[in-house]
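Enquirer: Residue numbers (the numbering used here), protein chains in the order written: chain B, 1 to 101; chain S, 1001 to 1101; chain F, 2001 to 2101; chain V, 3001 to 3101.
Number of protein chains: 4
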Amino acid sequence: MIVQFSIVPLGKGPGIGDDVAKVLKIVDNSRLSYKITPMGTVVEGSWDDIMGLIKKCHSLVLKSGERVVTSITIDDRKRRKNMMEEKIRSVEKRLGKSLRK
Amino acid sequence: MIVQFSIVPLGKGPGIGDDVAKVLKIVDNSRLSYKITPMGTVVEGSWDDIMGLIKKCHSLVLKSGERVVTSITIDDRKRRKNMMEEKIRSVEKRLGKSLRK
Amino acid sequence: MIVQFSIVPLGKGPGIGDDVAKVLKIVDNSRLSYKITPMGTVVEGSWDDIMGLIKKCHSLVLKSGERVVTSITIDDRKRRKNMMEEKIRSVEKRLGKSLRK
Amino acid sequence: MIVQFSIVPLGKGPGIGDDVAKVLKIVDNSRLSYKITPMGTVVEGSWDDIMGLIKKCHSLVLKSGERVVTSITIDDRKRRKNMMEEKIRSVEKRLGKSLRK
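#1: Between residue 16 of chain B and residue 2010 of chain F, which are expected to be in contact by the criterion C-beta below 8 Å, what is the C-beta distance as a whole number of angstroms?
#2: According to DSSP, is residue 1010 of chain S part of a helix, a strand, or is it coil?
#3: Whose C-alpha, out of B:65, B:47, B:80, is nearest the C-alpha of residue 1079 of chain S?
#4: With residue 2042 of chain F and residue 1038 of chain S assumed to form a contact (beta carbons below 8 Å), what rounded beta-carbon distance in angstroms separates them?
#5: Taking all protein chains shown into account, decide if residue 2012 of chain F is buried (16 or more other Cβ within 10 angstroms of its Cβ) or exposed.
#6: Return yes when the Cβ of residue 5 of chain B is within less than 7 Å of the Cβ of residue 54 of chain B, no when it is not.
#7: Using the three-state DSSP reduction, which class does residue 1033 of chain S fall into: helix, strand or coil?
#8: Skipping 5 residues on each side, what residues in its chain have a beta carbon closer than 7 Å to that of residue 1101 of chain S?
#9: Is it true that the CB of residue 2051 of chain F sits closer than 7 Å to the CB of residue 3083 of chain V?
#10: Listing by chain order, which chain B residues have their CB less than 7 Å from the CB of residue 3090 of chain V?
#11: Please determine, among B:47, B:27, B:96, the residue with the shortest C-alpha to C-alpha distance to residue 3095 of chain V.
#12: According to DSSP, is residue 2071 of chain F helix, strand or coil?
#13: Name, please, each residue of chain B whose Cβ falls closer than 8 Å to the Cβ of residue 2014 of chain F.
#14: Could you name the residues that DSSP lists as bridge partners for residue 2077 of chain F?
#15: What separation, rounded to the nearest whole angstrom, lies between the Cα atoms of residue 2032 of chain F and residue 1033 of chain S?
#16: Which value, in whole angstroms, describes the spacing of the CA atoms of residue 3060 of chain V and residue 1081 of chain S?
#17: Nearest to residue 1058 of chain S by alpha carbon, out of B:71, B:75, B:67, B:45?
#18: Quick one: grab the DSSP three-state call for residue 3040 of chain V.
#19: Check this for me: beta carbons of residue 77 of chain B and residue 2014 of chain F, under 7 Å apart or not?
#20: Look at residue 1044 of chain S and residue 1007 of chain S and say whether their C-beta atoms are less than 7 Å apart.
#21: One question on the structure: do residue 3070 of chain V and residue 2071 of chain F come within less than 7 Å of each other, judged by their Cβ atoms?
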């Protein structure tokens, strides 16, 4: 399954780059394949690996603050691997052109 | 923490009430406090209890289908209990009137 | 269609009840049917009426702050009215019991 | 502001690539700057331009089906332009390394 998540600390100022950097350091050090986007991080793996990772990130951001809002979207399709690459490739193939990524 | 989640099966027809009913039966039988809304279910509890519940629901819906999209939003605030009731009460108090729930 | 939305100001402290109250005052004064939940507001109506309402709320919250994250989920089903009530009623009917709302 | 959106048709089979392709054709032909990700499309522009684009995409997908669930997340920060590029660049700068995109 692939999962997008984003972690937003409340009560820390409008810029949240320090927290995002801490989160992405954890993601980058995990063994999961991932992609960062302007609105969150997409990871691919099993439920337990991914939710373990997100729990770790969420807890770390909450530790230095008062309140955290975390959003998670799961796309789980039977018998599919490498959905992260395949979903984009399949759409580009249908359109017969490369899109901005 | 309080968590809203919704589980949408793809490839099963436009009506998904049977799957929603199966999910809410699990939620209603859990020991977690919950509220159903027109767009999802809100539960209150610990990370592990809630994520265990959502994993159970997500897996059940996927079992009878091919693909499931699950959305989860977590609102986690230190030292707060009964956020589910308190958030609504606090806004009604500020407005000095009761709102439609 | 029915639409859930939530508006989260960043950089204003962990409590956001004042902004939520301002938003709900606008919603309550609109002619749209609505329901507040612990994680957002659900409204029913046309695309233009609902998006006009959310734009007004989003702009008001941004005016007194630096950054706002707004989440919107739309459930749009042909030939359906009163989805807000019907979705919950239909699940309770399937389960043969009343659920916590 | 930058906005991520995804449009999921219900009742059309587990694969939704044809609809995604139709949506991305509209996005690619608009004048808005955009990025596709494995979980949605991110666009940058004004409220009216972006919401007009999403309405067009949502309506097109609904036309050939019965039900559509559309998710939208808005990140709106005063006095910021090119947030789509800047958010990723700023995190990479903090970490002193390039991340997978």
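Note that CB positions come from ideal geometry on N, CA and C, so glycine has one too.
Expert: Here's the rundown:
#1: 7 Å
#2: strand
#3: B:65
#4: Correct: roughly 5 Å between the Cβ atoms.
#5: buried
#6: Less than 7 Å separates the beta-carbon of residue 54 of chain B from that of residue 5 of chain B.
#7: strand
#8: 1088
#9: In this structure, residue 3083 of chain V keeps its C-beta atom at 7 Å or more from the C-beta atom of residue 2051 of chain F.
#10: Simply 17.
#11: B:27
#12: strand
#13: In chain order: 10, 11, 65, 66, 67.
#14: V:3067
#15: 29 Å
#16: Each residue's alpha carbon lies about 44 Å from the other.
#17: Its Cα nearest to that of residue 1058 of chain S, the residue B:75 stands out among B:71, B:75, B:67, B:45.
#18: strand
#19: no
#20: No, the pair does not count as a contact, with Cβ atoms beyond the cut-off.
#21: Their beta carbons are not under 7 Å apart, which means residue 3070 of chain V does not touch residue 2071 of chain F by this criterion.
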